[in-house]
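Okay, structure first, notes after.
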Amino acid sequence: MNEVSASELIAAFDSESEAGIQAKNALISGAPFEIWLEPQPASKLRGILRGRVRSLQRRGKPIVGVVECLASLVEKGEQGLLVAYVDDRERAGYLFPLYLDPQPLKVVGCLGFGSSSEGDRDLFPVGPL
Numbered sequence: 082m083n084e085v086s087a088s089e090l091i092a093a094f095d096s097e098s099e100a101g102i103q104a105k106n107a108l109i110s111g112a113p114f115e116i117w118l119e120p121q122p123a124s125k126l127r128g129i130l131r132g133r134v135r136s137l138q139r140r141g142k143p144i145v146g147v148v149e150c151l152a153s154l155v156e157k158g159e160q161g162l163l164v165a166y167v168d169d170r171e172r173a174g175y176l177f178p179l180y181l182d183p184q185p186l187k188v189v190g191c192l193g194f195g196s197s198s199e200g201d202r203d204l205f206p207v208g209p210l
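Here is the structure:
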């Protein structure tokens, strides 16, 4: 897998979680996305996510899908997952970090957080870990 198209990423959603539905709708509406094709252990991603969520909560940012996303990452243990971001903030939506099983491509975790300033980009930097 060298790259992933928007249609492939849309097809990778099979969850009916609130965050997943919003992220999928953002993609369908043309929101930009980025995906990194180097798998990272789910346990590492879970640890990073916990710290970022605490920081978002301290800042009072709205967050959807945290509990479901963390539970999915726990289930994956040490499995390698891909990381992607869907950015719907231009339409007053959320920034959605996605966690994907690479084979077959499937979204296994998703959350969304509201952001009103560029200062939040350091919490979920757009780029590989």
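Taking our numbering, the leading residue of the sequence shown gets 82, the next gets one more, and so forth. Even for Gly, the Cβ is constructed at its ideal location relative to N, Cα and C. Treat the numbers as computed from the prediction; the structure is a model and nothing was measured.
Per DSSP, the bridge partner or partners of G161: P122
G190: first and last residue of the uninterrupted beta strand (DSSP E) it sits in: 186–191
Straight-line gap, K157 to R140 (C-alpha atoms, nearest Å): 29 Å
Cβ pair I144, L137 closer than 8 Å: yes
Endpoints, beta strand (DSSP E) assigned at P183: 176–183
Nonlocal neighbours in the same chain, by C-beta distance under 8 Å from A112, ignoring five residues either side: V167, D168, D169, E171, R172, G174
Residues bridged to F114 [DSSP beta-bridge criterion]: V167
First through last residue of the alpha helix (DSSP H) which encompasses K105: 99–109
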